[in-house]
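Protein chains: 2
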Amino acid sequence: MTELNKDTEGKILEAAQDVFTEKGMSGTRMQEIADKAGINKSLLHYYYRSKEKLFGAVFKAVLVKFMPKTLKVLSSDLPLFEKIEKFVDGYIDIITKHPSAPLFLIFELHRNPDGIAGILLNAFKEIGFNPVESFAKDVKIAKEMGLVHEGVDSKHLFVNMMSLCIFPVAARPLLQRIGFENDKKAYDKFLEMRKLEVTTFLINSIRKS
Amino acid sequence: MTELNKDTEGKILEAAQDVFTEKGMSGTRMQEIADKAGINKSLLHYYYRSKEKLFGAVFKAVLVKFMPKTLKVLSSDLPLFEKIEKFVDGYIDIITKHPSAPLFLIFELHRNPDGIAGILLNAFKEIGFNPVESFAKDVKIAKEMGLVHEGVDSKHLFVNMMSLCIFPVAARPLLQRIGFENDKKAYDKFLEMRKLEVTTFLINSIRKS
DNA sequence: GTCTATATCGGGATAGAC
DNA sequence: GTCTATCCCGATATAGAC
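Sequences listed follow chains W and A, in order. When we follow this note's numbering, the leftmost residue of the first sequence carries the number -14, and every step to the right adds one. When we follow this note's numbering, the leftmost residue of the second sequence carries the number -14, and every step to the right adds one.
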């Protein structure tokens, strides 16, 4: 819940985010967005000309919500181990708050990769920052300092880190049922514990000595 | 490509799997399934009474395709380290062959958790096997044998293992673009290497001494 | 069993009053 | 800017001939 009193356009965008991230592009009904925003269906078309356009706005908004914090950590000059810790901590936090966002991004990207990935790649290009390359440098430095094994591959490490943060949230409806008897609180606690768990897990696996 | 000459019902189910797993329930058009199966739209309704029913059949079929192999490994009496290795190897293999299946399962489970999770939980109940509990036992034994740290939590380990296998395939459209310049072959190779990578990564992080 | 034709309905989009 | 009424197409589903 952000603010409650905003202009119509803002209310629409917020409602649209809720519905789109929950049900995806094709599963979303304009009517449901209108209802949730407390306005009429045709107002949606007044502000955003089409469903497609509204979807685009939502997609960007979700990116904007996620990118800044995470990129800030990744582009910082913290040493590798601290950077991993900070990233995992912040990332699990933010996706726990917006649990359907990552699955939404992945699913829609899967549905229409080229059309959508453009938005993302442009975002990186604009700020002149590629998280994967940047992370590779961090790993290289840590190797030179003798902190991590020479055999460590930065891309695998990066993908591992992302996987361990995102998957448990995205697959929650499944995991909570098969491993936690569908106990919401227990799973919340599990996710909270993962911050430490994932960090130590990652660092243990790459640390020299 | 399984067999080419099968009865109409089989052709429909196969085509339906392709389309449903690719586009999800709401993104799927019956027409597209009919085209892909090389038959008429109304034949779909002849064999499966509704889209909903067809979807159910597909969902089960996908489960059946995945479950047996993976459960066979998990329920075997291999020692923990070998079990991890076998699982990771086989799992990455099978989801690489059916890359859209995991995302499909997760997304549809997210969309309608209770309606769909029932199918899954029943499947487990029928065979009287819960992978999470079983894995917990394996970890316990390994601890008693002094092979892994006492602090290792079996649920985190299980979720880590699943995350590391599934996410890189599910998020491929994204990862391949930001980390591999959208080079398909490079990413294929990356996935192939992950079998060893993930295994050693997991074992390194839990092994005692 | 397989086809063509058609019914029916839902949802995106527009027109036009206020 | 916001509403009501309506258009129109696409998609599921059914009827019925062969």
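The C-beta atom is built at its ideal place from N, Cα and C for all residues, glycine as well. The structure presented is a predicted model; accordingly, all values stated were derived computationally and were not measured.
Checklist entry - Whose C-beta lies closer than 7 Å to the C-beta of Met15/W among residues of the same chain, with five residues either side of it excluded? => result Contacts found: Lys26, Leu29, Lys36.
Next on the checklist: I want to check one thing, is the minimum distance from the CB of Gly103/A to the heavy atoms of the ligand NAP below 6 Å?
Outcome noted: This structure simply doesn't include the ligand NAP, nor any ligand for that matter.
Next on the checklist: So with CB distances below 8 Å, who are the chain A contacts of Pro98/W?
Outcome noted: Pro158, Arg162
Checklist entry - Helix or strand or just coil, what does DSSP make of Met(-14)/A? => result Low local confidence applies: a pLDDT of 43 at Met(-14)/A is under 50, so the model's placement there is unreliable, and no value is given.
Item to check | CB of Pro84/A within 7 Å of CB of Val183/A, strictly | outcome: no
Item to check | Helix, strand or coil at Val137/A according to DSSP, with G and I counted as helix | outcome: Three-state DSSP puts Val137/A in coil, outside helix and strand.
Item to check | Any 3 or more C-beta pairs closer than 8 Å across the stretch 60 to 77 of chain A and the stretch 112 to 127 of chain A | outcome: yes
Item to check | Cut-off 6 Å between Cβ atoms - residues of its own chain near Val47/W, not counting five sequence neighbours on either side | outcome: Result list for Val47/W: Ala86, in chain order.
Next on the checklist: Can you confirm whether the stretch 38 to 52 of chain W touches the stretch 96 to 113 of chain W when touching is taken to mean that 3 or more C-beta pairs between the two stretches lie within less than 8 Å?
Outcome noted: yes
Next on the checklist: Taking a contact to mean a Cβ-Cβ separation below 7 Å, would you say Pro158/W touches Pro116/A in this structure?
Outcome noted: Contact: no.
Checklist entry - Does any residue of chain A bring its CB to less than 7 Å from the CB of Asn189/W? => result yes
Checklist entry - What's the gap between the Cα of Glu7/W and the Cα of Ser194/A? => result Ser194/A has its alpha-carbon roughly 45 Å from the corresponding atom of Glu7/W.
Checklist entry - If we count the other Cβ atoms within 10 Å of its Cβ and call it buried at 16 or more, is Arg179/W buried or exposed? => result buried
Next on the checklist: For Gly139/W, tell me which candidate among Phe175/W, Leu149/W, Ala127/W, Cys150/W has the shortest Cα-Cα distance.
Outcome noted: The sequence shown places Ser at residue 139/W, rather than the Gly named in the question. Minimum Cα distance to Ser139/W is reached at Ala127/W.
Item to check | Contacting residues, own chain, Cβ-Cβ under 8 Å from Arg42/W (five flanking each side not counted) | outcome: One detail in the question is off: residue 42/W reads as Ala in this sequence, not Arg. Cβ within range, chain order: Leu(-2), Ala1, Tyr33.
Checklist entry - Where DSSP assigns a beta bridge to Arg192/W, which residues make up the other side? => result Paired residues: Val133/W.
Next on the checklist: Looking only at its chain, what residues have a beta carbon closer than 8 Å to the beta carbon of Leu187/W, apart from the 5 residues adjacent to it on each side?
Outcome noted: Ile69, Val73, Leu142, Asn145, Met146, Leu149
Next on the checklist: According to DSSP, simplified to helix, strand and coil, what is Pro84/W?
Outcome noted: DSSP, reduced to helix, strand and coil, places Pro84/W outside both helices and strands of the structure shown, so it counts as coil.
Checklist entry - Under three-state DSSP, which class holds Gly33/A? => result The displayed chain sequence assigns Tyr, not Gly, to residue 33/A. Three-state result, Tyr33/A: coil.
Next on the checklist: If I follow the unbroken alpha helix (DSSP H) through Asp168/A, where does it start and stop?
Outcome noted: That residue, Asp168/A, is in no alpha helix (DSSP H); it is neither H nor E in DSSP.
Checklist entry - Are any of the Cβ atoms in chain W nearer than 7 Å to that of Asn196/A? => result The requested residue 196/A does not occur in the structure, where chain A is confined to residues -14 to 194.
Checklist entry - Where does the unbroken alpha helix (DSSP H) through Thr(-7)/A begin, and where does it stop? => result -7 to 12
Item to check | CB contact below 7 Å: Phe92/A versus chain W | outcome: yes
Checklist entry - Comparing alpha-carbon positions, which option in Leu90/W, Glu111/W, Ile24/W, Ser11/W lies nearest Gly(-5)/W? => result Ile24/W
Checklist entry - How about Phe165/W and Ala171/W: are their beta carbons less than 7 Å apart? => result yes
Item to check | Run of the alpha helix (DSSP H) containing Ala102/W, from where it starts to where it stops | outcome: 98 to 112
Checklist entry - Would Ile79/A count as contacting chain W if we go by Cβ distances under 7 Å? => result no
Checklist entry - Among residues of its own chain, excluding the 5 on either side of Ile79/A, which ones have a beta-carbon nearer than 7 Å to its beta-carbon? => result Phe51, Lys54
Checklist entry - Roughly how far, in whole angstroms, is the beta-carbon of Leu88/W from the beta-carbon of Phe92/A, given that I think they are within contact range, below 8 Å? => result So it is a contact: roughly 6 Å between Cβ atoms.
Next on the checklist: Please identify, using Cβ separations under 8 Å, the residues of the stretch 115 to 147 of chain A that lie next to chain W, in order along the chain.
Outcome noted: Asn115, Pro116, Val117, Asp138, Lys140, His141, Phe143, Val144, Asn145, Met147
Checklist entry - Mind pulling the chain A residues with CB within less than 9 Å of Gly9/W? => result Gly9, Ser11, Gly12, Phe92, Arg96
Checklist entry - From the beta carbon of Leu88/W, is the nearest beta carbon of chain A less than 7 Å away? => result yes
Checklist entry - List, in order along the chain, the chain W residues whose C-beta lies closer than 7 Å to that of Phe155/A? => result One point to set straight first is that residue 155/A is Ala, not Phe, in the sequence displayed. Simply Ile91.
Checklist entry - DSSP on Gly23/W, reduced to helix/strand/coil? => result If DSSP states are grouped into helix, strand and coil, Gly23/W belongs with coil.
Checklist entry - Using the rule of at least 16 other Cβ atoms within 10 Å of the residue's Cβ for burial, across every protein chain shown, is Leu59/A buried or exposed? => result buried
Item to check | Residue burial classification, Gly136/W (beta-carbon count within 10 angstroms, cutoff 16) | outcome: exposed
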